[in-house]
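Position one of the sequence shown corresponds to residue 2 (my numbering), numbered consecutively onward.
Just so you know, even glycine gets a beta-carbon here, dropped at the ideal spot from N, CA and C.
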Amino acid sequence: MAELNKLAEDPDLWNDPQKAQRLMQERTSLEDSLEAIGRIEQDVSDQIMLIELGEAENDQAVIAEAESALKGLKAEVERRQLEALLSGEADSNDTYLEVHAGAGGTESQDWANMLLRMYTRWAEQHGFKIEYLEETEGEEAGIKSVTLQIKGHNAYGWLKTERGVHRLVRISPFDSNARRHTSFASVDVYPVVDDRIVIDIKEADVRVDTMRSQGAGGQHVNKTESAVRLTHIPTGVAVMCQAERSQHKNRATAWNMLRARLYEIELKKREAAATAEFEAKTDIGWGHQIRSYVLQPYQMVKDLRTGVQTSDTGGVLDGDLDRFMEATLAQRAFGGGPDEIEDVE
């Protein structure tokens, strides 16, 4: 902290605004952690003292209140312990998040739209900023795909736990016979790379396609070929941006997205070599889901990696995802968890 304070006092710091901003963000984050440690230590001491006073005076109400406060502190400590684990090379970065509908037409496209809403709610609740980079609407309802950039400290570190296939079981609102349907959608997450991370890409290895933007918009939409898709030929990785009216701006954003995707592939290789975790991209269908969301005939959301489950489906679809993220991070860091988890029907 002393080193960061000294750097922050350098009058030449703001000659490089990006470097200055990163330094100030690191300083703020560290300051928050240090203050939290001191506050928690003091609160623990105060609550223990209250319990001792309550026992001396046989005041059960004071004892119960202090014990409840200690439970709250324990939960905060566990969360901050997990946050301390977000020390990977890119964990603190902003992130790109993609949602893709699986096979199944309108059903899966509507489910992809529900997932989009869930993640935007989660991001808003955590004070993150959201920028839409690409969205392809479904023919009747929902979306075929969407790409967001979510900006905030540790955005990638938290959201990387959501990468995989998500399964929904419900009575279809599009079925006149009110039958149960199973739908799938995939979520992909990769970090935004900044100038600290150098990714060299040969322009000859990239195919550039331009097209008219899709989706809702003003008079500009479908009149100019402002949307840009880049395809990295050696890996087959493709990215698309249509957020801006300017093709030049969309091209610049798409190049940043491509660098991020290739960097994330390299991160996966390192993770696989170091931890032998299963991180491969799989089919959007049966047997590959990381989480199931059952709305009929009962209410249940169950994570198939950690076994964490809840009947509060409404809360989860409104962005209450922390319990699942925390359990997945803890499992990656400390191991453990069930050997085999049965999916919900």
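Proximal residues to residue 130 (C-beta, below 7 Å), its chain only, five neighbours per side dropped: 152 and 153
Identify every run of the alpha helix (DSSP H) within the stretch 58-114, keeping only runs that are complete inside it and at least 4 residues long; order them along the chain. 61-86
Quick one: using the 10 Å Cβ neighbour count with 16 as the cut-off for buried, is residue 174 buried or exposed? exposed
Helix, strand or coil, according to DSSP, for residue 172 in the structure here? strand
Put residue 328 into one of helix, strand or coil per three-state DSSP. helix
Work out the CA separation of residue 64 and residue 41 for me, nearest whole Å. 18 Å
To the nearest angstrom, report how far apart residue 107 and residue 96 are at their CA atoms. 28 Å
Anticipated Cβ contact below 8 Å, residue 325 with residue 292, distance rounded: 7 Å
Going by DSSP, name the residue or residues bridged to residue 135. 148
Contact under 8 Å by Cβ, residue 104 with residue 144: no
Look at the alpha carbon of residue 341 and the alpha carbon of residue 146, and state the distance between them as a whole number of angstroms. 32 Å
Range covered by the alpha helix (DSSP H) that runs through residue 239: Not the alpha helix (DSSP H): residue 239 falls in the beta strand (DSSP E), residues 238-242.
Delimiting residues of the beta strand (DSSP E) encompassing residue 7: Looking at the DSSP string, residue 7 is not in any beta strand (DSSP E); the run it does join, the alpha helix (DSSP H), is 3-9.
Can you list, in chain order, the residues of its chain whose CB lies under 6 Å from that of residue 241, leaving out five sequence neighbours each side? 135 and 230
Look up residue 299 in the DSSP assignment and say whether it is helix, strand or coil. coil
Helix, strand or coil, according to DSSP, for residue 291 in the structure here? strand
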